[in-house]
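A.B. asks:
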Amino acid sequence: MKDINKILLLISVVAFTATVFTQCASQQNATSAESATKGVPEYVLQKSGAQLWAESCIRCHNTASPATFSDVQWDVAVKHMEIRAQLTRVEAEKVLEFLKSAN
Amino acid sequence: MKYKYLLSSLLIILVLVESNAQNQSGILDPKPGNSRFLLRGYSDATFMSNDEETTFGNARFVPLFLYKQSDKLFFEGELEFEVEDGEVEVALEYANVNYSIAPNLNLRAGKILIPFGIFFDRLHPSWINRLPTVPLGYGHDGILPTSDLGVEIRGASYLRGMRFNYSLYVMNGPRIEDGEDEAEEVGMIVHEGNEDNNNNKAIGGRLGVFPLRDQSLEIGFSAQSAKLGNRDSELEEVGALLYAFDWTYVRKVSFLGGVIDLKGQVNFINIDDQTYTVEEDSVMESYTFDNKSNSTFFQLGYRPTFGSSQFIKNLELVGRYSTLNTPEEAPWESESTQLALGLNYWIDWRTAVKFAYQMDSITGGHAEDGEEPESLDVNTFYIQWTIGF
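Listed in order, the protein sequences are those of chains S and E.
Letter by letter, the first sequence follows residues 9 to 111 in my numbering.
Letter by letter, the second sequence follows residues 2 to 390 in my numbering.
As structure tokens, then:
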């Protein structure tokens, strides 16, 4: 058990530092628009905001229709979901754009 | 000691990155009109009836505060007011600040819902939960993590074309029941401690992968490791390793004429071997047992989408099977199963009336010394309304 604890700690620390460093490095070499789409597979980039909304927003709870909120409220709610529901930045941006265009 | 290094290095990295970013664009400056506040939340009330009692069980009002200061800084905080047994209890569900270090990389600090599996982090609010009750392993005497104070990094990204999400956290962590207050619970893990009982911190995380491109399937693995005992006590070095598997499959299936919602989680709680000595009726008793517990839930929901009747489309059928096993030979040895069947009527995406019939079967629990564990079957009918706003 003690070994497992140590291994787990080690894996966490290594993974953590590695992500922070790689992410920060890529961030500095790119503008924010570029870094959001960097490494994103083509099939995701091709999906529309409406499609991502339909696929993603139904996984945990019923899907909110765009009419639920105003633009300003969606700004906050989608940022909340980007964090809580672990959306990728690309998904969050596309879904937000769709919700604002369809409410 | 190691936590000091971890946290300090993290802060230093953050400050460096941030000062660099500010040079480029001044991204943290809160410009007038850019910061946004949103007040939401939910409320529910439950009626229950079984052989022992028929009562308007409890009611809750749960306000949620969201504040987006900039694209990088975000706050979420949730309070819970609950009437239970005639008293109003107030709890801080969570309160944390989130800093988006980079796209797909967030750092949160404060009181956080622990992403150990999916139930507590994602599914427990009553407007999301498909049933009026929670699976075995949560709630009173729960063996599973719910929320805690600490820091977490989380996000989602793609690896070789496959979507994944991740979370890594360091929290104050659980403690162990040493038997001083409740002798019959000695050796039990307690997650919602009021204060931090030792310098050891719980370290854990979750990784979820999405094998299908339409995100309909997610498979997750979580683990957490911590030492449980009080500072300078005999149990100080007793460690616990918890791990869990979870799955989510939500998809419209045309030949069934509706949306299928499959969710579940399997949890294992392994605590180091230890002999516990407790005083019971002025006699010292010692217990040695293999301190391993497990719990599961399997849930299936079906929401029709066929036809033109809005009434039918608002209906949902749900079934959930749940189990909980605590260690053999422990004073709290038990085996429980639970089957809940529900019918929901959704008035809105966050407003519903839920009807459920739940069959609980419990063997053991807090058996008296030397007695054979008792078996108990309880069938309960529930009605709950829930509204999200």
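Where is the CB? At the ideal position from N, CA and C, for every residue including glycine.
Because the structure is a prediction, the values reported are computed rather than measured.
Which same chain residues end up closer than 7 Å to E181 of chain E when comparing Cβ atoms and leaving out the 5 residues on each side of it in sequence?
C.D. replies: Same-chain partners within the cutoff: there are none.
A.B. asks: Hey, how far is the Cα of V251 of chain E from the Cα of S44 of chain E?
C.D. replies: Each residue's Cα considered, the two are about 25 Å apart.
A.B. asks: Flag this pair as yes or no: are the beta carbons of Y322 of chain E and Y358 of chain E separated by less than 9 Å?
C.D. replies: Against a cut-off of 9 Å, the Cβ pair of Y358 of chain E and Y322 of chain E comes out as no contact.
A.B. asks: Looking at the C-beta of L95 of chain S, does it have a partner C-beta in chain E at a distance below 9 Å?
C.D. replies: Closer than 9 Å to some Cβ of chain E, the Cβ of L95 of chain S qualifies, so yes.
A.B. asks: Going by DSSP, what residue range makes up the beta strand (DSSP E) through F165 of chain E?
C.D. replies: Taken as a continuous stretch (DSSP letters only), the beta strand (DSSP E) holding F165 of chain E covers 163-172.
A.B. asks: Taking only the alpha-carbon atoms, compute the straight-line gap between G258 of chain E and G302 of chain E and give it to the nearest angstrom.
C.D. replies: Rounded to the nearest angstrom, the two C-alpha atoms are 13 Å apart.
A.B. asks: Would a check of beta-carbon distances place S73 of chain S closer than 9 Å to chain E?
C.D. replies: At least one chain E Cβ lies under 9 Å of S73 of chain S.
A.B. asks: Which residues in the same chain have their Cβ closer than 6 Å to the Cβ of S287 of chain E, if we skip the five residues on either side of it in sequence?
C.D. replies: Within the same chain, S287 of chain E has close Cβ partners T276, T278.
A.B. asks: Going along chain S in order, which residues have a C-beta closer than 9 Å to the C-beta of K69 of chain E?
C.D. replies: In chain order: D83, V84, K87, H88.
A.B. asks: Cβ atoms of L114 of chain E and D122 of chain E: under 9 Å apart, would you say?
C.D. replies: The answer is yes: Cβ separation under 9 Å.
A.B. asks: Is any beta-carbon of chain E found at less than 9 Å from that of N70 of chain S?
C.D. replies: Chain E contact via Cβ: present.
A.B. asks: Please list the terminal residues of the continuous alpha helix (DSSP H) segment that includes K314 of chain E.
C.D. replies: Element bounds for K314 of chain E: 311-314.
A.B. asks: Kindly indicate which residue of E:L108, E:N268, E:F312 has the alpha-carbon position closest to the one of N97 of chain E.
C.D. replies: Looking at the Cα atoms, E:L108 is the closest of the given residues.
A.B. asks: Alpha carbon to alpha carbon, what distance is there between L65 of chain E and E54 of chain E?
C.D. replies: One C-alpha to the other measures close to 32 Å.
A.B. asks: Give, in chain order, every residue of the segment 84-112 of chain E whose Cβ lies closer than 8 Å to some Cβ of chain S.
C.D. replies: For the segment 84-112 of chain E, which is checked against every Cβ of chain S, the residues closer than 8 Å are N99, S101, I102, A103, P104, N105, L106, N107, R109.
A.B. asks: Spatial neighbours of M285 of chain E within its chain, please: C-beta separation below 7 Å, excluding the five flanking residues on both sides.
C.D. replies: Hits under 7 Å: T278.
A.B. asks: Report the residues of the segment 41-70 of chain S with a CB closer than 8 Å to any CB of chain B, ordered along the chain.
C.D. replies: Of the protein chains in the structure, S and E, none is chain B.
A.B. asks: Terminal residues of the continuous alpha helix (DSSP H) containing E183 of chain E?
C.D. replies: First-last for E183 of chain E: undefined, no H or E at that position.
A.B. asks: Nearest to L218 of chain E by alpha carbon, out of E:M163, E:V187, E:E193?
C.D. replies: Measuring from the Cα of L218 of chain E, the nearest candidate turns out to be E:M163.
A.B. asks: For a cutoff of 9 Å on Cβ pairs, would you count L39 of chain E as touching chain S?
C.D. replies: So, interface residue.
A.B. asks: With C-beta atoms as the reference, is K228 of chain E less than 9 Å away from W248 of chain E?
C.D. replies: No, the pair does not count as a contact, with Cβ atoms beyond the cut-off.
A.B. asks: Counting only the same chain and skipping the five closest in sequence on each side, list residues whose C-beta sits under 7 Å from that of E101 of chain S.
C.D. replies: Result list for E101 of chain S: A44, in chain order.
A.B. asks: May I ask you to verify whether the segment 187-200 of chain E touches the segment 220-235 of chain E, counting CB pairs closer than 8 Å and requiring at least 3?
C.D. replies: Yes, the segment 187-200 of chain E is in contact with the segment 220-235 of chain E.
A.B. asks: Can you tell me where the alpha helix (DSSP H) with A85 of chain S in it begins and where it stops?
C.D. replies: Looking at the DSSP string, the run of the alpha helix (DSSP H) that includes A85 of chain S is 79-92.
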